[in-house]
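Taking it in order: structure first as structure tokens, then the write-up.
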Amino acid sequence: MKIFHSACHRLCHRRVRRLLAGILLPGWILLGTAAVADDPAVVGLGYGPLGYDLPAVGSYHLSDLGPAPDGQVVTSTDETTSLHALFDGHVSLLSFMYSSCIDANGCPLSAHVLHKIKSQMQEDAELADRLKLFSMSFDPDYDTPEKMKLYESGYQLSGSEGDWSFITTRSSEQLAPILSAYRQDIVRLTALTPTGANEISHLLRVYLVDAKNNIRNIYSVSFLHADILINDVRTLLAEQSQQPEQPVSDTAPDSAVPVVTVAKSDLSRPGDSKSGYESADYQTDSLSLESRVGSSSDLLATVLNPPLGLPATPIPESNPITRASISLGRKLFYDRRLSINDTFSCASCHIPEQGFTSNELATAVGVEGRTVRRNSLSIYNVAHAPRLFYDGREDTLEQQVWNPFLARNEMANPSIGYVLRKLRSFEDYDGLFEAAFNGRGAGMETVGMAIASYERTLLSGNSPFDRWFFDQQESAISEQAKEGFRLFNGKAACVACHSLGQSSALFSDYQLHNTGLGFLNSFGNTLPKQRVQIAPGLTVDVDSSLIEVISEKPPADLGLYEITEDPADRWKYRTPSLRNVALTAPYMHSGQFQTLNEVMEFYNAGGVPHAELDPLMRPLDLSPEEIAAVIAFLVSLTGSNTDELVSDAFAAPIGDPGVGSN
Amino acid sequence: MTNFSTMRFSIFVILLSLSLGLYSGFANANQSNMPFLVDGEQHGYELVTHRGTPFDPSVLRDKIVLLVFGFTTCPDICPTELARVSQVLSEFEGQAVGALFVSLDPDRDSVENLAHYLPYFHADITGLTGDLARISELASSLGVRFSRVEQESGYTIDHSTGVFVMGGDGVVKAIAAIGSGVDHLKQIVDGLL
């Protein structure tokens, strides 16, 4: 069992098991085990309804994650054969299990999900014919072919359509190479008593293998849901039926490593640009405030007719979007009076000319220099994000806006009432809420609704990539960028999380994943000396212990775990969209990479290996030329209307203190 | 489903031949995974029921029997599995389906405790307790592992899960894995009836 580290083994074990009772028998009242009712432990996604819509079958591509390893196994009828012989040109789902596993989010979860799929096979002849299910034991001592037969028989009685085979091996020696090939590290927990129950610590993984024996997806507990698996299986089946021709590059990339330059307009850059500050010949490059003036745009039109490459804009029924609500939201967004000391607006961290994020800070800084743990997320195209913040803790923009208003280290307002009283006291807001919301004044809901309406207009698309991919303009992007896109979908496997559809693309699955960066930052990321730049071209190496004395202690950051308290969720962060990625440096939840090249190097190395690392992370073996190509593709994702949105932002009032107060 | 009875019959034949095959294989190995509860050498196990009577396996002849291992102070898995079994018993009320709950904690699970505990789930579940050695024998014959785990106050039992489904001949036909729900177990029983 165990998806957890050994330190919490016993504790988590009890907790998760208790939970199992609740999941498997809803409505059942447990006798004398009151502890169950208030246990907030998190259960596998696969036990409940999915809760979100999946992309249409065939509208996305599952990248090739490499060949599915072969190995010698034993069937439940005691025949020795090989995994590939069993796959036999079918799409296959391969799950590892052992029969005495009791962790609710382990083997029972995969049994639950595969049983649901087997039930679907009863009604769907294509699935029954072309898909095979496999459960393979990693406990050959106990899981004999006879025992596997009993499980198999049970599922056969459950419905005769479709194959679900339970397979095992002759010995641990025969099993070991298969486990290591599938990177299933198991730890046999030492028996606690002479008659010890033989528990096995392992990470739950289910592998999707295509008809050519290539791994096309790997599901961990967060993604193991029958609907997701069936959607992916059908997508593979559709792909096989169509046999699409693979785009082939007709020209080989140049042998010299091409340099990717990021062209930015004069508007989309920090007012006091520090680019080139690292070299001694840096010249101050500031734009005067007078030159940073803009003019308003028709933001509603963008929402109704989104730029090429974006799907229809989702507008909640409870918050219809109008010119009045957009205009009010825009005023609130840039109003620095809405903070404890009249200095700080939403735009202080989501800076329009800096990609609606902050290019100059790795992690955000709130009022009075108060440290924020994470990098400001760009809010370009935030209308499409089904979950917000790096840890995904909010699900609507209307709710989200109150977090920074009230965070002590952001805008630091002491209460909701404090913000509302302020707003009601400003003459320049007189009648605006009432006009936008059918007579409703400034309230917690209407403030959220107005700001959300403005944020939904920050749509950016029609990038060179969009014009090439969705509008077939061959010359819209370079051959290098096209090669980069092929790598993105293939060898680099970026698309596994930064997903895209056939008629639109957001370049994010909006799920939470563990790349190992959070793990690295939690453990052993301190170098003995750190380089500090004190003037253009001048750096000194400072002993880390000296910096620690004067620095605020870096706050701990455990990602999704802080929301779910499930140890398996440690260091998981939400996938950001890649649109306008060239404008939104620095990168990652920690903002610790300043360039796309650093980001690519990190992924090329396979992230930071540890037990909870997302199974999709692995060394990519990309050459410098290939990395440059991927970056050329990423740079082609900059939308055509960014200057227009920045210019519109420059035209917004910023809430001068003392102005408009009653 | 016009071919239903034919299909059911063929499943029965397949399972019968399968189980006989497995049984003979195991008998040769002298390490039976397939307890022959009704006939043969292994009947009885010298256990006692929660009604205080010696266990007579022959009452299970020609019944589909759902067999669960557990202990009455188990906080999670055992009540879950017993509840699943109870729902199946209710579904097949009046048909030849029975259920056994074998205690893995005979020190604490006295006849009285079992008699107090089991009726909460279903009147037709027969509880079995008795000598630990006899229980271990039965458990290990089915590949069920269990161990006593000491805790700050008292102890608990870690054990294998799943519902063992025996046919009318006392041979285990299938294991319904935990996680796969009530429907799965109902379908197995339906297939065997």
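Chain order of the listed sequences is U and L. Heads up, the first sequence is in our numbering, so the first residue is 1 and it goes up one at a time. Heads up, the second sequence is in our numbering, so the first residue is 1001 and it goes up one at a time. The C-beta atom is built at its ideal place from N, Cα and C for all residues, glycine as well.
- Taking the C-alpha atoms as reference points, what is the distance between I228 (chain U) and D272 (chain U)? 47 angstroms
- Item | Own chain residues within Cβ distance below 7 angstroms of L83 (chain U), not counting five before or after | D70, G71 and V73
- Message: Please list, in chain order, the chain U residues whose beta carbon lies closer than 7 angstroms to that of G1167 (chain L).
- Response: Under the 7 angstroms cutoff, chain U gives no residues; its nearest Cβ is about 11 angstroms from G1167 (chain L).
- Task: Please list, in chain order, all residues of the same chain as L313 (chain U) whose beta carbon is under 7 angstroms from its beta carbon, the five residues on each side excluded.
- Result: A small correction: the amino acid at residue 313 (chain U) is Thr; Leu does not occupy that position in the sequence shown. Cβ neighbours of T313 (chain U) beyond the five flanking positions: V303, P306, A383, R456 and L459.
- Message: Please return the same chain residues whose Cβ sits closer than 6 angstroms to the Cβ of A649 (chain U), not counting the five positions on each side in sequence.
- Response: P352
- Message: Using CA atoms only, rank isn't needed, just tell me which of U:D566, U:F138 and U:Y561 is closest to R170 (chain U).
- Response: U:F138
- Determine which residues share a DSSP beta bridge with M136 (chain U) and list them. U:F96 and U:I167
- Query: Are any of the Cβ atoms in chain L nearer than 8 angstroms to that of Y219 (chain U)?
  - Reply: no
- Query: Does DSSP put M411 (chain U) in a helix, in a strand, or in coil?
  - Reply: coil
- Message: Determine, for P108 (chain U), whether the minimum Cβ-Cβ distance to residues of chain L falls below 8 angstroms.
- Response: yes
- Task: Counting only the same chain and skipping the five closest in sequence on each side, list residues whose C-beta sits under 6 angstroms from that of M411 (chain U).
- Result: S339, F344, P404 and F405
- Query: What span of residues does the alpha helix (DSSP H) with Y155 (chain U) cover, start to end?
  - Reply: P145 to L157
- Message: Quick check on this structure: which residue in U:I534, U:L114, U:K132 and U:Q592 has the alpha carbon closest to the alpha carbon of S1180 (chain L)?
- Response: U:L114
- Query: Is E239 (chain U) near the ligand ZN, with its Cβ less than 7 angstroms from a heavy atom?
  - Reply: Questions concerning the ligand ZN fall outside what the structure shown contains, since it holds no ligand whatsoever.
- Please classify M1166 (chain L): does DSSP put it in a helix, a strand, or coil? strand
- Counting only runs of 4+ residues fully inside the segment 1107 to 1149 of chain L, write out the alpha helix (DSSP H) ranges in chain order. 1111 to 1117 and 1132 to 1141
- Item | Rounded distance between the beta-carbons of N217 (chain U) and P67 (chain U), thought under 8 angstroms | About 14 angstroms; that fails the 8 angstroms criterion.
- Task: Compute the distance between the beta-carbons of Y1128 (chain L) and V1102 (chain L), then report whether it is under 8 angstroms.
- Result: As written in the sequence, residue 1128 (chain L) is Leu, which differs from the Tyr given in the question. In contact: L1128 (chain L) and V1102 (chain L) (Cβ atoms closer than 8 angstroms).
- Item | CA nearest to the CA of A324 (chain U), picked from U:D342, U:L299, U:N341 and U:A347 | U:L299
- Cβ neighbours of I270 (chain U) in the same chain (closer than 7 angstroms, five flanking residues each side left out): The sequence given here has Pro at residue 270 (chain U), not Ile. Excluding residues within five positions, the ones whose Cβ falls inside 7 angstroms are E353, Q354, N359 and E360.
- Taking a Cβ distance cut-off of 8 angstroms, strictly less, list which residues of the segment 1119 to 1135 of chain L are near chain U, in chain order. Y1120
- In or out: V401 (chain U) buried (at least 16 other Cβ within 10 Å) or exposed? buried
- Task: Assign V532 (chain U) to one of two classes, buried (16 or more other C-beta atoms within 10 Å of its C-beta) or exposed (fewer than that).
- Result: exposed
- Identify the residues that DSSP records as bridge partners of N214 (chain U): which are they? U:P67
- Counting only beta-carbon atoms, is L94 (chain U) nearer than 8 angstroms to chain L? no
- Task: Using a Cβ-Cβ cut-off of 8 angstroms, state whether Y429 (chain U) counts as contacting chain L.
- Result: no
- Message: Output needed in chain order: residues of the segment 1169 to 1188 of chain L with a Cβ under 7 angstroms from some Cβ in chain U.
- Response: V1172, K1173, A1174, I1175, A1176, A1177, I1178, G1179, S1180, G1181, H1184, Q1187 and I1188
- Message: Rounded to whole angstroms, what is the Cα-Cα separation between V1182 (chain L) and I379 (chain U)?
- Response: 46 angstroms
- Under 8 angstroms by Cβ, that's how I've got D1158 (chain L) and S1141 (chain L) pegged, so tell me the actual separation to the nearest angstrom. That belief does not hold up - the Cβ atoms of D1158 (chain L) and S1141 (chain L) are roughly 19 angstroms apart, past 8 angstroms.
- Query: What are the residues of the segment 145 to 169 of chain U that lie near chain A, defined by any Cβ-Cβ distance shorter than 9 angstroms?
  - Reply: Chain labels in this structure do not include chain A; the protein chains are U and L.
- Query: Using a C-beta to C-beta distance shorter than 9 angstroms, which residues of chain U count as neighbours of L1192 (chain L)?
  - Reply: L157
- Item | Exposure of N514 (chain U), with buried meaning 16 or more beta-carbon neighbours within 10 Å | buried
- Closer than 8 angstroms, CB to CB, is G1154 (chain L) near chain U or not? no
- Query: Span of the beta strand (DSSP E) holding L1100 (chain L)?
  - Reply: V1097 to S1103
- Query: Counting along the chain, where does the beta strand (DSSP E) carrying K422 (chain U) start and finish?
  - Reply: From DSSP, K422 (chain U) is part of no beta strand (DSSP E) but of the alpha helix (DSSP H) over I416 to S425.
- Query: Rounded to a whole number of angstroms, what is the C-alpha to C-alpha distance between R1084 (chain L) and P145 (chain U)?
  - Reply: 26 angstroms
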